[in-house]
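Worksheet: the structure to be examined is printed underneath.
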Amino acid sequence: MRADRTFEELVREAVDASVDGWDFSWFEGRATEERPPWGYARSMAERLGRASAALDIQTGGGEVLASAPALPPVTAATEGWPANVARATALLHPRGAVVVASPEDAPLPFGDAAFDLVTSRHPVRTYWHEVARVLRPGGTYFSQQVGPASAFEVVEYFLGPQPEEVRGARDPRRARAEAEAAGLEVVDLQEARLRMEFHDIGAVVHFLRKVIWMVPGFTVKRYEPRLRSLHERIRSEGPFVAHSTRFLVEARKPGVAAST
564 MRADRTFEEL VREAVDASVD GWDFSWFEGR ATEERPPWGY ARSMAERLGR
614 ASAALDIQTG GGEVLASAPA LPPVTAATEG WPANVARATA LLHPRGAVVV
664 ASPEDAPLPF GDAAFDLVTS RHPVRTYWHE VARVLRPGGT YFSQQVGPAS
714 AFEVVEYFLG PQPEEVRGAR DPRRARAEAE AAGLEVVDLQ EARLRMEFHD
764 IGAVVHFLRK VIWMVPGFTV KRYEPRLRSL HERIRSEGPF VAHSTRFLVE
814 ARKPGVAAST
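Just remember that the numbering used here sits 563 ahead of the position in the sequence shown, which is counted from 1.
Below is the structure:
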């Protein structure tokens with residue numbers, strides 16, 4: 564809690580903070596989020612340790628991929644945001660991984676059957692046919708994704724009630740259907756609903772600046788009345804509570820037994 568800080572001080576600090584990459588250490592002491600039970604980074608690292616060629620899609624600043632103790636002999640990553648491309652390159656090149664600048668909605672810039680492992684943490688969207696194309700027979704796609712209506716307490720505070728088709732987007736059942744339509748076999752699908760707490764208004768501002776699709780076009784000026792109201796609510800009632808949703812999906816391309 565930063566009850567002694569003014570609205571202006573908290574917001575200015577959040578606006579001045581960098582939002583590059585997927586490092587969330589700025590939130591320490593200001594916001595918390597319960598972690599999924601499956602331990603994505605650890606499980607991803609185990610699979611990377613057994614792979615010979617791996618691709619990390621929408622790698623962000625490369626932090627999750629770089630957390631693995633060992634990378635395969637051939638490791639590549641894609642990222643569409645220029646600031647993150649530079650950040651990921653600086654982090655991953657010393658590990659022997661190549662980072663390719665590629666828009667998230669473009670075909671993957673690799674040949675067919677190039678990888679025996681494809682990973683992605685929180686992709687904006689999964690292009691299942693492209694994943695299937697670059698996987699070798701027997702290869703694995705392993706991904707943690709944002710689930711339906713994630714952090715919608717935050718979204719709806721600023722935007723109001725959302726239609727059911729928006730709340731129900733990113734349904735794990737849809738992911739299964741799309742994976743199978745692309746010719747992949749879903750071998751694991753897990754879901755979790757996780758508690759989030761924002762302890763000051765600066766944490767809310769930083770979150771919305773970093774996760775830009777939550778409230779499209781967010782600026783402090785545009786939403787200042789709602790932000791001030793939420794600031795007073797947090798001061799009087801305690802943390803603003805929301806709930807994120809996540810799902811883990813693992814799919815394999817039919818063929819010879821996967822080495823991952």
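Cβ atoms here follow ideal geometry from the backbone N, Cα and C, with glycine treated the same way.
May I have the straight-line CA-CA distance separating V525 from Y603, to the nearest angstrom?
-> A question about residue 525 goes unanswered here, because the residues of the chain that appear run from 564 up to 823.
When DSSP labels each residue in this structure, what does V812 get in the three-state scheme?
-> One-based indexing of the sequence shown puts residue 812 at position 249. Note: V812 maps to strand in three-state DSSP.
Euclidean distance between Cα positions of R650 and D583 | Taking the sequence shown and counting its residues from 1, one reaches residue 650 at position 87. Taking the sequence shown and counting its residues from 1, one reaches residue 583 at position 20. When rounded, the distance between both Cα atoms is 8 Å.
Drop a sphere of 10 angstroms on the beta-carbon of K784, count the other beta-carbons inside from all chains shown, and report buried for 16 or more, exposed for fewer.
-> The count along the sequence shown starts at 1 and reaches residue 784 at position 221. Result: exposed.
Excluding sequence positions up to five away, which residues of its chain have a Cβ less than 7 Å from the Cβ of A695?
-> Walking along the sequence shown from the start, residue 695 turns up at place 132. For A695, where only same-chain residues beyond five positions count, the Cβ hits under 7 Å are A745, G746, L747, K816.
Are the Cβ atoms of E626 and L654 separated by less than 8 Å?
-> Locating residue 626 in the sequence shown gives position 63, where the first residue counts as 1. Locating residue 654 in the sequence shown gives position 91, where the first residue counts as 1. The answer is yes: Cβ separation under 8 Å.
Three-state secondary structure (DSSP) of M759 = The count along the sequence shown starts at 1 and reaches residue 759 at position 196. DSSP places M759 in strand when its eight states are reduced to three.
For W691, count neighbouring C-beta atoms within 10 Å of its own C-beta (all shown protein chains included) and say buried if the count is 16 or more, exposed if not.
-> In the sequence shown, residue 691 corresponds to position 128, counting from 1. Buried, because 16 or more other Cβ atoms sit within 10 Å of the Cβ of W691.
Name the two residues that bound the continuous beta strand (DSSP E) containing D704.
-> Taking the first residue of the sequence shown as position 1, residue 704 is located at position 141. Here residue 704 turns out to be Tyr, not Asp, going by the sequence shown. Note, Y704: beta strand (DSSP E), 698 to 709.
Compare the beta carbon distance of L680 and Q753 with 8 Å and say whether it is the shorter of the two.
-> Residue numbering aside, residue 680 sits at position 117 when the sequence shown is read from its first letter. Residue numbering aside, residue 753 sits at position 190 when the sequence shown is read from its first letter. Contact: no.
Cβ shell of L634 (< 8 Å), same chain only, five flanking positions each side left out = The residue you call residue 634 lines up with position 71 of the sequence shown. Counting only Cβ-Cβ distances below 8 Å, and skipping sequence neighbours, we find L611, A617, L628, R658, G659, A660.
Same chain, Cβ closer than 6 Å to V637, five either side skipped, listed in chain order | Here the question's residue 637 lines up with position 74 in the sequence shown. A616.
Enumerated in chain order, which unbroken segments of the beta strand (DSSP E) with a length of 3 residues or greater are wholly contained in the stretch 571 to 626?
-> 594 to 596, 616 to 619
Within 10 angstroms of its Cβ, does T808 collect 16 or more other Cβ (buried), or is it exposed?
-> Position 245 of the sequence shown, counted from the start, is the residue given in the question as residue 808. Burial call: buried.
Using the Cα positions of E800 and R737, report the straight-line distance between them to the nearest angstrom.
-> Translated into the one-based positions of the sequence shown, residue 800 becomes position 237. Translated into the one-based positions of the sequence shown, residue 737 becomes position 174. Straight-line Cα distance between these residues: approximately 38 Å.
Burial state of A631 (16 or more Cβ within 10 Å) = Stepping through the sequence shown from its first residue, residue 631 is reached at position 68. Result: buried.
When we look at the beta-carbon of G710 and count the other beta-carbons within 10 Å, is it buried (16 or more) or exposed?
-> As a position in the sequence shown, residue 710 is number 147, starting the count at 1. Flag for G710 reads buried.
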